[in-house]
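These notes are about the structure you will find just below.
In my numbering, the protein residues as written are 301 to 411.
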């Protein structure tokens, strides 16, 4: 984690001074852990909703554009900082998990 924070500190510029304290470091770390932890639950939730009949793969495909925008907006809101790398590191796996969930849901419901 310190390597990542040092990398992010390079975006501050020359006039800013990077002085992290333990509180901000731990809250940053906790937020990232929770955000990325929830990310890995997305396929389970989507497949569970599909098996329960709440959503279908056809519906998810039809609403794909809106869901993608929602995923991107959620990643931008949840991740701290103003850099583009942290939200990207969150929404790319979310998109991949969402798309793979649709494929798995298709296979599971055809049985």
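Beta carbons are placed, not taken as given, at the ideal position from N, Cα and C, and that holds for glycine. Predicted, not measured: the structure shown is a model, and the values here were computed from it.
- Between residue 347 and residue 404, the gap from beta carbon to beta carbon is short of 7 Å.
- Across the structure, residue 350 and residue 336 are spaced so that their CA atoms are roughly 23 Å apart.
- Secondary structure of residue 340 (DSSP, three-state): coil.
- In the structure shown, the three-state DSSP call for residue 374 is helix.
- In the DSSP assignment, residue 396 falls within the alpha helix (DSSP H) that extends over 385 to 409.
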